[in-house]
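**Student:** First to last, the protein sequences are chains A, B, C and D.
For what it's worth, this note's numbering labels the leading residue of the first sequence as 1, then goes sequentially.
For what it's worth, this note's numbering labels the leading residue of the second sequence as 1001, then goes sequentially.
For what it's worth, this note's numbering labels the leading residue of the third sequence as 2001, then goes sequentially.
For what it's worth, this note's numbering labels the leading residue of the fourth sequence as 3001, then goes sequentially.
There are 4 protein chains.
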Amino acid sequence: MHTPRVLIWNEYRVERAEPEAAAHYPNGMHETIGQYLRGEGFPVKIATFDEPDHGLTEEALAETDVLIWWGNKTHNLVSDEAVERVCRRVLEGMGLIALHSAHHSKVFKRLMGTSGNIKWRIAAEKERLWVVAPGHPITEGLPEYIELPAEEMFGEHFDIPEPDKLVFVSWFQGGEVFRSGCCFERGRGKIFYFRPGHQTYPTFHNPHVLRTIGNAVRWAAPVDGFAIKHQKHEPLEPLGVM
Amino acid sequence: MHTPRVLIWNEYRVERAEPEAAAHYPNGMHETIGQYLRGEGFPVKIATFDEPDHGLTEEALAETDVLIWWGNKTHNLVSDEAVERVCRRVLEGMGLIALHSAHHSKVFKRLMGTSGNIKWRIAAEKERLWVVAPGHPITEGLPEYIELPAEEMFGEHFDIPEPDKLVFVSWFQGGEVFRSGCCFERGRGKIFYFRPGHQTYPTFHNPHVLRTIGNAVRWAAPVDGFAIKHQKHEPLEPLGVM
Amino acid sequence: MHTPRVLIWNEYRVERAEPEAAAHYPNGMHETIGQYLRGEGFPVKIATFDEPDHGLTEEALAETDVLIWWGNKTHNLVSDEAVERVCRRVLEGMGLIALHSAHHSKVFKRLMGTSGNIKWRIAAEKERLWVVAPGHPITEGLPEYIELPAEEMFGEHFDIPEPDKLVFVSWFQGGEVFRSGCCFERGRGKIFYFRPGHQTYPTFHNPHVLRTIGNAVRWAAPVDGFAIKHQKHEPLEPLGVM
Amino acid sequence: MHTPRVLIWNEYRVERAEPEAAAHYPNGMHETIGQYLRGEGFPVKIATFDEPDHGLTEEALAETDVLIWWGNKTHNLVSDEAVERVCRRVLEGMGLIALHSAHHSKVFKRLMGTSGNIKWRIAAEKERLWVVAPGHPITEGLPEYIELPAEEMFGEHFDIPEPDKLVFVSWFQGGEVFRSGCCFERGRGKIFYFRPGHQTYPTFHNPHVLRTIGNAVRWAAPVDGFAIKHQKHEPLEPLGVM
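See below:
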């Protein structure tokens, strides 16, 4: 298997509009994440909302093994055509890492079939992401929990299908829990939802958060195999012999 | 919990157009299934494709606890508004039993997030549906397998998310297998996909098939509980104390 | 299906030895739970550690549809023969509700195949059990979370197989989370692990906790069906025709 | 992560006692599988039933990342101490690939908590193992199904817990199906049950079967991470502040 080629899609508006976000991510969250992934040896490209076709052309997607998605304010402005292209590629095998507010992106909701609804609160409170699946490759090299001193709260009920594998559960200071690391498979594609990453906190500078994203890229990389086709099929032998 | 109120939605075209289908189901498949379910004590209503709004109005759905769906030729003619109403009600708790070709209905594909693609062959061949989850309520009173002397073949790969519970696996004479009884949960709603039921075979007269559908109605009935809301949430105590 | 017959197995030592436990449960936790279940219409019998065969005879188990288990100090003193009888009955279809410290009982560990290890702390701290599966019958009639003002903490990693269905996740004041309501199926039998219930707190007087246990009894009741046999099987037709 | 070190445990009796088995596997099935795995770059060691401690010493297991197990006639003669050592290592992270009759080995039954019972028939019939999880790494490079012209039949109901991931479903000529590729996780360890491999057929010479085993070794390799401990835990902050 070749080294997975990563495309980081970032809305890239909040870092330009909000000084608090810009302070942590002067070149955008995609650059912070991208720099780490390049250091891990992955070829990384960037696409953003304001590019033509949001940078999500057939060509760009055809050269992507794992797509990372961060969006928030523009969910409903992403074109249906781009959403269609991304979802089709996931069913064909492209991995998808949906970060933070991506729970409400068109792409994620469509692949889940649910609303993605949550509870939330922005109060710079403490979060602990506990590993509940310690043998899972996404947890490689992590401690028992990742502690983030200040984050936005996301709380249950999180309206998603039962994850194929639950990897992290978050504890929040204010009294909530959240299934914050969730693996799904759709078609040939693997999807990892990872909760943290509000733009006003330095979460994507946390080495454990970065390591989790890198591990998820390796886990979500496509697996070579037969194409899934919708087709009429011939019997093993002429029927009627029984 | 009250007795679940059933709405059987049938495309109801093939029984009027194809003599082979009419021979088995002179009043439509919905009447064959409906008669059994009424005998089991369930209040049953019928809706069909050619009614205004396909019979899937807000009012009709509001009075439905479990919706049974059989469609085939008209999948893409079902209005998006009706699909939207049905999916919303499922997320709110309405049960859904998707029969046979419903794997390609807009409703099922949208709730799954996948293509629903399969292999198929119409060759009147033998099918055996093996129970793989013998403690599951949908299997109550069934033998080890249901044998159907002649059915359409559906084969893997079936493009669905991993079922929350796999209940039946089918064997086909011509050499294929299929995950033919699959439970899913989406929002508060329970979904059961059940494979058999091609219109040119008397499948819905088989007592084990009928019993399975009746069991599935009981299993898929809504559970009373809190509403799932998307909302800002207050902390347990004023934060900042840690 | 008949009304499930319940057998509550309680170690019944801590209530006689510890004044704090006796204060909450003067006649034993089994009587508090049993009284509620009788009020719900279930036939309830009691068995305790100090009875001959721990009250877990073939006869007693043969008349039990759902077994509730609370143990703590005597886990390793329960006879292997009793454990063998209980586990065999679960595989045959008897439901099992494992409460609190039962995570370390021989019966639970043997049915799970794992150590059942946890983190813990006895500090009378606040616990919130959040419902993460709002359509599940065990949550019928419950609010979004059950709050217990003082409980023992159990924390992850909880060494269990991935639950077939995760129903509750607990938040603890001191910073931990726990998968505190977990459904498993083994053979024909359904198993529900439910975390709360340390003897020095009045947890089993909480109406939501009691309702959860009653719901779990209904969910775990056996389903009639074919016996699971290990056997040589005859082919559909003489082989060699292909 | 280093290249996983493989230990192939083979009962190694049937190849010495049965001419039909010896014809296919003159040096034992372990040598046929081992030769393939060495060619894939894995360091491979061999252990057999008749060695002291069955070759399953603490030292041998400490140097093993993935254990492959083939047994049949001697299941109940394997010492409880060896079983205990193997199961403990699996919970600590060692991968386990259980082949064919290993469904009834002490090790597998203990890790599953169920009987492992099946149906069976030795009639040299055709088997097709259909891939139902095409994105899973164990299926890398495989076709839609693996066809074996002659194998022993294993049929449902297979008494195992619901697999964490179902990868293959077998079709048998005589009318049965079987969940023949099943992933489980127990503690930190990954387990893959793979059905085919009766000694009187050349199954382990099939390139797709060998590729599946090689893929499974890569998938089951341990993931570095924190140790799972049973321990008292300190709160985040002194309690009582709420």
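Yeah, the Cβ is synthetic: ideal placement off N, Cα and C, and Gly gets one too.
The structure presented is a predicted model; accordingly, all values stated were derived computationally and were not measured.
Counting along the chain, where does the alpha helix (DSSP H) carrying A:Asn72 start and finish?
**Tutor:** Counting from one through the first sequence, the residue named residue 72 of chain A turns up at place 72. Careful: A:Asn72 lies outside any alpha helix (DSSP H) and carries neither H nor E.
**Student:** If we call anything under 8 Å between Cβ atoms a contact, is A:Leu129 one with A:Tyr145?
**Tutor:** Numbered from 1 along the first sequence, position 129 holds the residue referred to as residue 129 of chain A. Numbered from 1 along the first sequence, position 145 holds the residue referred to as residue 145 of chain A. Against a cut-off of 8 Å, the Cβ pair of A:Tyr145 and A:Leu129 comes out as a contact.
**Student:** Determine the DSSP secondary structure at A:Met29, reduced to helix, strand or coil.
**Tutor:** Sequence index remark: in the first sequence, residue 29 of chain A carries index 29 (1-based). If DSSP states are grouped into helix, strand and coil, A:Met29 belongs with the helices.
**Student:** How about C:Leu1953: is its C-beta nearer than 8 Å to some C-beta of chain A?
**Tutor:** In the structure displayed, chain C extends from 2001 to 2242; residue 1953 of chain C sits before or after that span and is not available.
**Student:** Here's a check: name, in chain order, each residue in its chain whose Cβ is nearer than 6 Å to the Cβ of B:Phe1194, leaving out the five neighbours to either side.
**Tutor:** Residue numbering aside, residue 1194 of chain B sits at position 194 when the second sequence is read from its first letter. Excluding sequence neighbours, B:Phe1194 sits near Leu1099 and Gly1181.
**Student:** Using a Cβ-Cβ cut-off of less than 8 Å, give me the residues of the segment 2138 to 2153 of chain C that come near chain B, in sequence order.
**Tutor:** Cβ contacts with chain B come from Thr2139, Glu2140, Gly2141, Leu2142, Pro2143 and Glu2144.
**Student:** Can you list the beta strand (DSSP E) stretches of 3 or more residues lying completely in the segment 1081 to 1131 of chain B, in chain order?
**Tutor:** Complete beta strand (DSSP E) runs here, min 3: 1095 to 1099 and 1119 to 1131.
**Student:** B:Ile1008 versus chain C: which residues are under 8 Å apart at the beta carbon?
**Tutor:** Working through the second sequence from its first residue, we reach residue 1008 of chain B at position 8. Those do not exist, as B:Ile1008 stays about 22 Å from chain C at its closest Cβ, beyond 8 Å.
**Student:** Under 7 Å between beta-carbons, which chain B residues line up against A:Ala123? List them in chain order, please.
**Tutor:** Against the first sequence, residue 123 of chain A aligns to sequence position 123. Near A:Ala123 (Cβ distances below 7 Å), the residues of chain B are Pro1235 and Leu1239.
**Student:** Is the Cβ of C:Asn2117 closer than 8 Å to any Cβ of chain D?
**Tutor:** Here residue 2117 of chain C corresponds to residue number 117 of the third sequence, with the count starting at 1. It does: the Cβ of C:Asn2117 has a partner Cβ on chain D nearer than 8 Å.
**Student:** Return no unless some Cβ of chain D is closer than 8 Å to the Cβ of B:His1136.
**Tutor:** Translated into the one-based positions of the second sequence, residue 1136 of chain B becomes position 136. It does not: the Cβ of B:His1136 has no partner Cβ on chain D nearer than 8 Å.
**Student:** Apply the 10 Å Cβ neighbour rule to B:Ser1079 and answer buried if 16 or more other Cβ atoms are within range, or exposed otherwise.
**Tutor:** Start at 1 with the first residue of the second sequence, and residue 1079 of chain B comes out as number 79. So B:Ser1079 ends up on the exposed side.
**Student:** Where C:Asp2050 and C:Thr2057 are concerned, what is the direct C-alpha to C-alpha distance, given to the nearest angstrom?
**Tutor:** Your numbering for residue 2050 of chain C matches position 50 in the third sequence. Your numbering for residue 2057 of chain C matches position 57 in the third sequence. In a straight line, the C-alpha of C:Asp2050 is about 13 Å away from that of C:Thr2057.
**Student:** Ends of the alpha helix (DSSP H) at C:Asn2010?
**Tutor:** Residue 2010 of chain C sits at position 10 when you count from the first residue of the third sequence. Premise fails: C:Asn2010 lies in the beta strand (DSSP E), Val2006 to Asn2010, not in any alpha helix (DSSP H).
**Student:** Specify whether the segment 2136 to 2156 of chain C and the segment 93 to 108 of chain A touch according to this definition: at least 3 beta carbon pairs, one from each stretch, less than 8 Å apart.
**Tutor:** Touching, no.
**Student:** Report yes or no: do three or more beta-carbon pairs, one from the segment 3020 to 3033 of chain D and one from the segment 2203 to 2210 of chain C, lie closer than 8 Å?
**Tutor:** In short, these stretches do not touch, since the Cβ pair count stays below three.
**Student:** If we ignore side chains and look at the alpha-carbon of each, how far apart do A:Arg218 and C:Val2086 end up?
**Tutor:** By 1-based counting over the first sequence, the position of residue 218 of chain A is 218. By 1-based counting over the third sequence, the position of residue 2086 of chain C is 86. Whole-angstrom Cα-Cα distance: 44 Å.
**Student:** For D:Arg3195, which of helix, strand or coil comes out of DSSP?
**Tutor:** If you number the fourth sequence from 1, residue 3195 of chain D lands on position 195. Looking at D:Arg3195 - three-state DSSP - the assignment turns out to be coil, as it is neither helix nor strand.
**Student:** Is it true that the CB of B:Trp1171 sits closer than 8 Å to the CB of D:Glu3093?
**Tutor:** In the fourth sequence, counting from the first residue as 1, residue 3093 of chain D sits at position 93. In the second sequence, counting from the first residue as 1, residue 1171 of chain B sits at position 171. Per the sequence shown, the amino acid found at residue 3093 of chain D is Gly instead of Glu. In this structure, B:Trp1171 does not lie closer than 8 Å to D:Gly3093 by Cβ.
**Student:** Just verifying my parser: in three-state terms, what is the DSSP assignment at A:Gly245?
**Tutor:** The question about residue 245 of chain A has no answer, for chain A in this structure spans 1 to 242.
**Student:** For B:Lys1232, which residues does DSSP report across the bridge?
**Tutor:** For this step, residue 1232 of chain B is matched to residue 232 along the second sequence. The partner list for B:Lys1232 (beta bridge, DSSP) reads A:Trp120.
**Student:** Taking C-beta pairs closer than 8 Å, name the residues in chain A that B:Ala1186 reaches, listed in chain order.
**Tutor:** Along the second sequence, one-based indexing puts residue 1186 of chain B at 186. Residue identity differs from the one stated: residue 1186 of chain B is Arg in this sequence, not Ala. Within 8 Å Cβ-Cβ: Gly113, Thr114 and Pro161.
**Student:** Tell me, which residues are paired with A:Gly155 by DSSP?
**Tutor:** As a first step, residue 155 of chain A is located in the first sequence; it is residue number 155 there, counting from the start. Paired residues: A:Lys119.
**Student:** In angstroms with no decimal places, state the Cα-to-Cα distance between A:Ala47 and A:Thr32.
**Tutor:** For the purposes of this step, residue 47 of chain A is identified with residue 47 of the first sequence, where counting begins at 1. For the purposes of this step, residue 32 of chain A is identified with residue 32 of the first sequence, where counting begins at 1. The alpha-carbon atoms of A:Ala47 and A:Thr32 are separated by roughly 14 Å.
**Student:** Please list the partners that D:Asp3164 has in chain C, where partner means a Cβ-to-Cβ separation under 9 Å.
**Tutor:** Stepping through the fourth sequence from its first residue, residue 3164 of chain D is reached at position 164. Near D:Asp3164 (Cβ distances below 9 Å), the residues of chain C are Pro2161 and Glu2162.
**Student:** Return the chain-ordered list of same chain residues with a C-beta closer than 8 Å to the C-beta of D:Glu3011, the five sequence neighbours on each side being excluded.
**Tutor:** Residue mapping note: residue 3011 of chain D aligns to position 11 of the fourth sequence, counting from 1. Answer for D:Glu3011: Thr3048, Phe3049, Trp3070, Gly3071, Asn3072, Lys3073 and Thr3074, listed in chain order.
**Student:** Taking 8 Å as the CB-CB limit, is D:Lys3232 close to chain C?
**Tutor:** One-based indexing of the fourth sequence puts residue 3232 of chain D at position 232. True, the Cβ-Cβ gap to chain C drops below 8 Å.
**Student:** Can you give the Cα-Cα distance for A:Phe226 and B:Ile1118, rounded to whole angstroms?
**Tutor:** Position 226 of the first sequence, counted from the start, is the residue given in the question as residue 226 of chain A. Position 118 of the second sequence, counted from the start, is the residue given in the question as residue 1118 of chain B. Answer to the nearest angstrom: the Cα atoms are 14 Å apart.
**Student:** For A:Arg186, write down the residues that DSSP places opposite it in a beta bridge.
**Tutor:** Your numbering for residue 186 of chain A matches position 186 in the first sequence. A:Arg186 is bridged to A:Gly189.
**Student:** Thinking C-alpha only, which one of B:His1233, B:Pro1222, B:Tyr1201 and B:Pro1004 is nearest B:Lys1126?
**Tutor:** Numbered from its first residue, the second sequence carries residue 1126 of chain B at position 126. When only C-alpha atoms are compared, the closest one is B:Tyr1201.
**Student:** Residues in the same chain with beta-carbon distance under 6 Å from D:Pro3222, minus the five sequence neighbours each way, listed in chain order, please.
**Tutor:** Reading the fourth sequence from its first residue, position 222 is the one you call residue 3222 of chain D. Excluding positions up to five away in sequence, the list reads Asp3065 and Gly3093.
**Student:** Where DSSP assigns a beta bridge to C:Tyr2036, which residues make up the other side?
**Tutor:** For the purposes of this step, residue 2036 of chain C is taken as residue 36 along the third sequence, with counting starting at 1. BP columns for C:Tyr2036 are empty, so no partner.
**Student:** Taking D:Ile3213 as the reference, give the member of D:Ile3191, D:His3157 and D:Gln3199 with the closest Cα.
**Tutor:** Taking the fourth sequence and counting its residues from 1, one reaches residue 3213 of chain D at position 213. Selected option, being the one with the closest Cα: D:Ile3191.
**Student:** Taking C-beta pairs closer than 8 Å, name the residues in chain C that B:Phe1226 reaches, listed in chain order.
**Tutor:** If you number the second sequence from 1, residue 1226 of chain B lands on position 226. Neighbours of B:Phe1226 on chain C, chain order: Val2131, Pro2134, Leu2142, Pro2143 and Glu2144.
**Student:** Going by CA-CA distance only, name the one from A:Lys232, A:Leu91, A:Phe168 and A:Asp53 that's closest to A:Pro137.
**Tutor:** Counted from its first residue, the first sequence places residue 137 of chain A at position 137. The residue with the shortest Cα to Cα distance from A:Pro137 is A:Phe168.
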